[in-house]
Each structure stands twice: as C-alpha cells, then as structure tokens.
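For what it's worth, our numbering labels the leading residue of the sequence shown as 2, then goes sequentially. C-beta: ideal position from N, C-alpha, C; glycine also. Since the model is a prediction, treat every value here as computed from it, not as a measurement.
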Amino acid sequence: MLLSLPPETIERVVAFVTAQDTVGGPPPGLYTLMQTCRYMHCLLAPKHNPGIFYRLFRGRFDLSAPQRRSPSLTSNPTQFAAEAQHRFVCLKLIRNRDFDNPEVLNALYVVYAMILEDDGKNGEHLRWAGLSKFLEGYFGRSSPYDDFVETRSLAIMVQSQWLTSETLDAESEDERDAMLSLLDPHLLGQLYVSGNLYLSIFQPVLVNTQNAQLDPNLNYGIDKSASYEPRSRSASQLLHVLSYFGHSLDIIVPALAPYAILAYVLRVERYRLANPRDVPSIRTERTGFGPTREDFDHYNAACQAHALPDPSPSHSTSSRYDMDWARLMCRSERLLSGTCVRPFRPGDLAGSWDGTLLLPSLDHVKTHTGDGQCGLGPVEYLSRQPIALELREHYRCVPPLSPIVHCEEALGIDSTRPVLCECALNLPGKSHEVDTCTQRDKMYHASSACTCDCVSKRVEPNESAVTEVLLTGVTPANFAVAWGSYRFQGRVRMSDGLVILRRDPVGFGAATPAWLFGYVLGSRRLVGRWHVGSLQNETPWEGVFGLWKSTT
Numbered sequence: 002m003l004l005s006l007p008p009e010t011i012e013r014v015v016a017f018v019t020a021q022d023t024v025g026g027p028p029p030g031l032y033t034l035m036q037t038c039r040y041m042h043c044l045l046a047p048k049h050n051p052g053i054f055y056r057l058f059r060g061r062f063d064l065s066a067p068q069r070r071s072p073s074l075t076s077n078p079t080q081f082a083a084e085a086q087h088r089f090v091c092l093k094l095i096r097n098r099d100f101d102n103p104e105v106l107n108a109l110y111v112v113y114a115m116i117l118e119d120d121g122k123n124g125e126h127l128r129w130a131g132l133s134k135f136l137e138g139y140f141g142r143s144s145p146y147d148d149f150v151e152t153r154s155l156a157i158m159v160q161s162q163w164l165t166s167e168t169l170d171a172e173s174e175d176e177r178d179a180m181l182s183l184l185d186p187h188l189l190g191q192l193y194v195s196g197n198l199y200l201s202i203f204q205p206v207l208v209n210t211q212n213a214q215l216d217p218n219l220n221y222g223i224d225k226s227a228s229y230e231p232r233s234r235s236a237s238q239l240l241h242v243l244s245y246f247g248h249s250l251d252i253i254v255p256a257l258a259p260y261a262i263l264a265y266v267l268r269v270e271r272y273r274l275a276n277p278r279d280v281p282s283i284r285t286e287r288t289g290f291g292p293t294r295e296d297f298d299h300y301n302a303a304c305q306a307h308a309l310p311d312p313s314p315s316h317s318t319s320s321r322y323d324m325d326w327a328r329l330m331c332r333s334e335r336l337l338s339g340t341c342v343r344p345f346r347p348g349d350l351a352g353s354w355d356g357t358l359l360l361p362s363l364d365h366v367k368t369h370t371g372d373g374q375c376g377l378g379p380v381e382y383l384s385r386q387p388i389a390l391e392l393r394e395h396y397r398c399v400p401p402l403s404p405i406v407h408c409e410e411a412l413g414i415d416s417t418r419p420v421l422c423e424c425a426l427n428l429p430g431k432s433h434e435v436d437t438c439t440q441r442d443k444m445y446h447a448s449s450a451c452t453c454d455c456v457s458k459r460v461e462p463n464e465s466a467v468t469e470v471l472l473t474g475v476t477p478a479n480f481a482v483a484w485g486s487y488r489f490q491g492r493v494r495m496s497d498g499l500v501i502l503r504r505d506p507v508g509f510g511a512a513t514p515a516w517l518f519g520y521v522l523g524s525r526r527l528v529g530r531w532h533v534g535s536l537q538n539e540t541p542w543e544g545v546f547g548l549w550k551s552t553t
C-alpha cells in the first residue's frame, strides 16, 4: 500500500517516522523503510533524495555554530546529506568500539568538531555512541602506545573536552591515578598552536625577543619593536584535512599539552588539599599572613566546582568554543568564504579567576634533568598551590574608533597609538575596566577616573578593530592574606590567542617573577605552563596551572 502513494506523500511519512526517533544516532525507521524494496531504497537514498537528509541534519544536529562561524555556509542539500552520512558512519564506529579501524582518527576529528558545535543535539548523538565508554576502552587497552601518536593525542583532547563532574565523581582512585599517569608524559609537550611542533617554553615566545630588556616597568619584558606574529609554520607542523559540509579544510592539529593539562588539573583537584593541624580555624584567630582552615575549605570547595557547568552562561554552549575552533583554522589556506578567524574574543579574560598551580619536586627534576620524556610524575611528585587573580583588559585598535586612549604611564606602554575604551565595544557584563581616558596626544595623566564624554553612550560593537589586548591584574585581597599577594601584567598574542602573564610578588623585595603561558579553552578555562625566572634564562623545571573564571 505504501508503494502506491505518490513520492511526496512517502516523504511526509518518512519525515514523521524520523521525527519519532528521539535518541541519537541514525534514525532506524528511515533505514528500515529503505530496506523494504529497491524502489524505496532508490527513492530515499541520499544520492537520489538529498533533501530528506538535509531536513534530517537540520532536525537532529546543532547548526547554529557552523552557520555562525562560516556565514557563507549554504543550505545545499547534497552537502548536508554528505555531512549527515559522514557523521553517522563515525558515530557507529565509536559505538562499535572499533579501535583498530583505520578511520578511527577521522572519526575522532568528527567527534571533536561535534563537541565544539554542541548546543544539546550533538551531545545526544555522542552519548548514544557511548563516547565515554569508547575512550575508557581505548585508554584501557594493553598497548595503547602502539597507535599513531596523533590518534592517541586526539583521544586525550576529546576526553578532556567531554569531562563532566559526574564523570570525575564516578572514577575510582585507581582509575584516576591511571589517567594521571597516562596524561603525565604529555604535560610538557607542545603547548603552542603556532610555531615549531616541539617548541620549548623557554624559547622566546615572540619573534625577536632575544634582546628584550626585562625591566618590569617596560613592555613586560618584551621588545616593543618586535613583531607579535608567531614564527612561520615549519614543514614539520602537522596539518589535517577535515571533510566539512562537502569542503576540505586544512586545520592545525591541536596542541595536546593544554588539553592534557586541563584533564590533569581537574583530576588532581578531586583530591582535597589537607588542612595542617596547627592552622587556625578562622582569620580572626590568625596573626599576620598565612592560610586558615577556612581558606583551605574555600579552596577545596572551589576545586570541586571547576568541573560543573556554568550555571548562568553569558554565551551559548557552542559559542564558548568559537575561539577553540578559530585556533584550528588560524593557519588554514582553505577557508569557507566569509569565515572570520579570531582566536581571542575581547572580554574572555576580564574578571575573577581561581585555580591551581602544580609544582614538580625539585629533587625529582634534578634526577631526570635532560630526559625529554620525564613529566611531572604521579601525584606524589607534585606540590600544589592555590592561585587567584582579577584580570582587566586594555585594548589597542587601528584605525581609531575615537580619540580616547588609556593613560598607561605606569605600564610603560606607548600611548601615541589609539586604545579602545570600554564604551567602544559595547560588551555588557564582561568586566571591562578603563583606568583613564584622555585625548589622543603624548600627555600622561595619573587620574584613576574615567573622564571621557563617551562613557554614557553605547556604540555598535566592533571587536574586529581590536589589534592588541594588554592585561593587568592583582590577587584578591581576601586571597592575598592567605596565599600571598601578587600583581600581574601581560598581553595576548592575537594571531593564536596565546596568553602571556608575568606574576610579581608584592612586598617581597626583589623576588623573582614567574611567567605563565596558556590558552583559554571554552571561554572560562585558562590552562598552560609556568616557570620562575626571566624569558632568557632557562630554569631546570617548569610547572602547569589551571584557572577557572568565576561565574558569580
């Protein structure tokens, strides 16, 4: 009887059947109909009827992120049908735990892209495919290191992006320690998205910085005449061709270290930082500087909250990952028309951050100096230190949107170039702060109040005008009395979003500064590595850190 119906009516029946499949994965009803006879197979096959799969994709996958990141993405039924087929094949590979399939690397790239686009629908497909169980089985195999290094690295990245508080809570201590040991060798691997594949953190981060003066009042120790673009891409840098809506995109293989650090720090933070017995209970019982039991409890509670979803997000789920997607594309020579690649979004760093510094045991490092495979070791090799800071962003732009500039005498920055005031961006709720606004000239003013006439009016946002982001920050007062007071200053490398911060102790004389290098992952997680000393002088060790932006 069904075969006697006109094709248009059959398509309506198919649309109704597929709409009943509320779980992830390919719609079983559609494939059941395709297998009834040759006529139905030809009528419903993607090759002959891509419109069905186009509607299927729009109804079952998240589409706002692809359209936002690539406005020229056309609603071509053939391309959408091919993308739907490609994703369903990859999801079935994950569901079948086909670890030895030669296409497992491509499947993991598709999964990674789906996570970066997830607004709810993609996540249903990944849960249907049993992504967590797939990764657990992959890492639990007897010889996971026999795999191609890129596959193993991508599996670690996917797992770090797919981690939830429930997943971490469900891990036993043995499982957690096993993952820490697996992640450990990757913590000191490639950190930077751009540059050489195994660029050391001790090499100058910016071109021509070898002769930079490390005066803390001048340029954060960075030569202002230097180019702030990363080194040219070397031949050894890995690229991957991603099939994406009928297009082939060259993407940079994501640097593994930031994702390994994220997963590592989250697991370390599941262990409570123990309270020493002789520590006073509250601040009023403590004389002078130092933590109390109340401070330990507050830090431990914050650690448990780091894996929780944002209760009041300022961005949609997928838009938090726009910068992660842009870093994949920042060196692509084959972009969809209209794609805007900006690996940093103004406002993502402004606000309050807290987290953990992990320090290697110096005795352990001295024993293994020069061993490139030596990481921080298991938990017993670390010391652990709370860290918190309040960051502010300052902008430069070309061409100038207004004659307003910051007064930056205290920072030692050339103020003859225009700088964006907060009102030039119209980014409410992002904690942008302006020290001083003055007319564009070479005069400096020490006032801390904003005196420009444009404070009360709003203009259309123009983030693309921002060419440089400078950072200043301090330790919150209540945190400083417990764990130490520091000031921070630095900048963002706009070409790939690398955050560079210098941390100077306050009130400790000529104490050695610390340098932090990292990336923002998912808009509210800043992870990377740090070391004590200057950019030129190598130190025998470096640590890792994880910071989370406060949502309150």
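Alpha carbon to alpha carbon, how far is residue 551 from residue 322? For the purposes of this step, residue 551 is identified with residue 550 of the sequence shown, where counting begins at 1. For the purposes of this step, residue 322 is identified with residue 321 of the sequence shown, where counting begins at 1. Cα to Cα, residue 551 sits roughly 17 Å from residue 322.
Decide yes or no for the touch test of the segment 508-528 against the segment 348-359: beta carbon pairs closer than 8 Å, at least 3 of them. yes
Taking residue 490 as part of the beta strand (DSSP E), name the residues at either end of that continuous run. By 1-based counting over the sequence shown, the position of residue 490 is 489. Note, residue 490: beta strand (DSSP E), 487-494.
Name the DSSP beta bridge partners of residue 387, please? On the sequence shown, residue 387 is found 386 positions in, with the first residue counted as 1. Bridge partners of residue 387: 357.
Measure from the alpha carbon of residue 486 to the alpha carbon of each residue in 389, 394, 254, 331, then state which is nearest. Walking along the sequence shown from the start, residue 486 turns up at place 485. Minimum Cα distance to residue 486 is reached at 389.
Is residue 261 closer than 8 Å to residue 165 when the C-beta atoms are compared? What you label residue 165 is simply residue 164 of the sequence shown in a count that begins at 1. What you label residue 261 is simply residue 260 of the sequence shown in a count that begins at 1. The answer is no: Cβ separation not under 8 Å.
Give the secondary structure of residue 581 by DSSP, where H, G and I count as helix, E and B as strand, and everything else as coil. Coverage of the chain is limited to positions 2 through 553, which leaves residue 581 absent and any answer about it impossible.
By how many angstroms is the C-alpha of residue 492 removed from the C-alpha of residue 278? For the purposes of this step, residue 278 is taken as residue 277 along the sequence shown, with counting starting at 1. For the purposes of this step, residue 492 is taken as residue 491 along the sequence shown, with counting starting at 1. So the alpha carbons of these two residues sit roughly 41 Å apart.
Taking the alpha-carbon positions, what's the residue 31 to residue 7 distance? Against the sequence shown, residue 31 aligns to sequence position 30. Against the sequence shown, residue 7 aligns to sequence position 6. Taking the straight line from one Cα to the other gives about 17 Å.
Taking DSSP as the reference, what is the three-state secondary structure of residue 15? The sequence position of residue 15 within the sequence shown is 14, counting from 1. Correct three-state label for residue 15: helix.
Any idea what DSSP makes of residue 164, helix, strand or coil? Position 163 of the sequence shown, counted from the start, is the residue given in the question as residue 164. It is coil, neither helix nor strand.
Can you tell me whether residue 104 is helix, strand or coil according to DSSP? Residue numbering aside, residue 104 sits at position 103 when the sequence shown is read from its first letter. Reduced to three states, the DSSP call for residue 104 is coil.
With a Cβ-Cβ cutoff of 8 Å, do residue 343 and residue 473 count as a contact? For the purposes of this step, residue 343 is identified with residue 342 of the sequence shown, where counting begins at 1. For the purposes of this step, residue 473 is identified with residue 472 of the sequence shown, where counting begins at 1. In this structure, residue 473 does not lie closer than 8 Å to residue 343 by Cβ.
Residue 61 - containing alpha helix (DSSP H), residue span: Taking the sequence shown and counting its residues from 1, one reaches residue 61 at position 60. Per DSSP, residue 61 belongs to the alpha helix (DSSP H) from 51-61.
Rounded C-beta distance between residue 128 and residue 60? I'm assuming under 8 Å. For the purposes of this step, residue 128 is taken as the residue at position 127 of the sequence shown. For the purposes of this step, residue 60 is taken as the residue at position 59 of the sequence shown. Actually they do not touch by this definition, with Cβ atoms about 18 Å apart.
Residue 209 (DSSP reduced to helix, strand or coil): In the sequence shown, residue 209 corresponds to position 208, counting from 1. Because residue 209 carries a pLDDT of 29, less than 50, the predicted location of this residue cannot be relied on, and no value is offered for it.
Rounded separation between residue 9 and residue 255 - CA only: Against the sequence shown, residue 9 aligns to sequence position 8. Against the sequence shown, residue 255 aligns to sequence position 254. Whole-angstrom Cα-Cα distance: 45 Å.
Any idea what DSSP makes of residue 250, helix, strand or coil? Reading the sequence shown from its first residue, position 249 is the one you call residue 250. Note: residue 250 maps to strand in three-state DSSP.
Helix, strand or coil: how does DSSP classify residue 272 here? On the sequence shown, position 271 is the one that residue 272 refers to. Of the three classes helix, strand and coil, the one that applies to residue 272 here is coil, per DSSP.
Touching by the beta-carbon criterion (3+ pairs, under 8 Å), the segment 115-134 and the segment 266-280: Contact between the segment 115-134 and the segment 266-280 is absent, because fewer than three Cβ pairs lie under 8 Å.
Length of the line joining the Cα atoms of residue 157 and residue 115: Reading the sequence shown from its first residue, position 156 is the one you call residue 157. Reading the sequence shown from its first residue, position 114 is the one you call residue 115. Approximately 16 Å between the Cα atoms of the pair.
Proximity below 8 Å, CB of residue 263 to CB of residue 161: Against the sequence shown, residue 263 aligns to sequence position 262. Against the sequence shown, residue 161 aligns to sequence position 160. Yes.
Quickly, what does DSSP pair residue 398 with across the bridge? List them, please. Position 397 of the sequence shown, counted from the first residue, corresponds to residue 398. Answer by DSSP bridge pairing, in chain order: 467.
What does residue 473 pair with, by DSSP beta-bridge criteria? Sequence index remark: in the sequence shown, residue 473 carries index 472 (1-based). DSSP lists 393, 490 as partners of residue 473.
Is the CB-CB distance between residue 79 and residue 103 below 8 Å? Counted from its first residue, the sequence shown places residue 79 at position 78. Counted from its first residue, the sequence shown places residue 103 at position 102. No, they are not a contact pair.
How would you write the range of the beta strand (DSSP E) that residue 518 sits in, first residue to last? Here residue 518 refers to the residue found at position 517 when the sequence shown is read from its first residue. From DSSP, the beta strand (DSSP E) with residue 518 extends over 515-522.
Quick test of your reading: residue 106 and residue 151, contact by CB under 8 Å. State the CB separation rounded to the nearest angstrom. By one-based count along the sequence shown, residue 106 stands at place 105. By one-based count along the sequence shown, residue 151 stands at place 150. That belief holds up - the Cβ atoms of residue 106 and residue 151 are roughly 6 Å apart, short of 8 Å.
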